[in-house]
Amino acid sequence: MKGLFDFTEVATYFFRKKDPNRKSTFNLRAMHTINKISILMFLAAIIYFIIKHI
């Protein structure tokens, strides 16, 4: 049950340093931007539903 609520990967996703050995292409940057937006929208929806049901 503890592993279900482990959000360390989500939290560290926003604060990662760029890997200097990896090439940055437009597709990779776009994918990461869309991922960050979707994570933020999901967390906002969860917070909204928690507040709505309290």
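End of the sequence shown sits at 54 in full-length UniProt numbering; the numbers just go up one at a time, nothing left out. Quick reminder that beta carbons are idealized off the backbone N, C-alpha and C, glycines included. All values reported here derive from a predicted model rather than from experimental measurement.
Residue 35 and residue 13 have their C-alpha atoms roughly 10 angstroms apart. In the structure shown, the three-state DSSP call for residue 38 is helix. Put simply, the backbone Cα of residue 50 is about 11 angstroms away from that of residue 43. Between the beta-carbon of residue 46 and that of residue 10 there is about 11 angstroms, and that puts the pair past the 8 angstroms contact cut.
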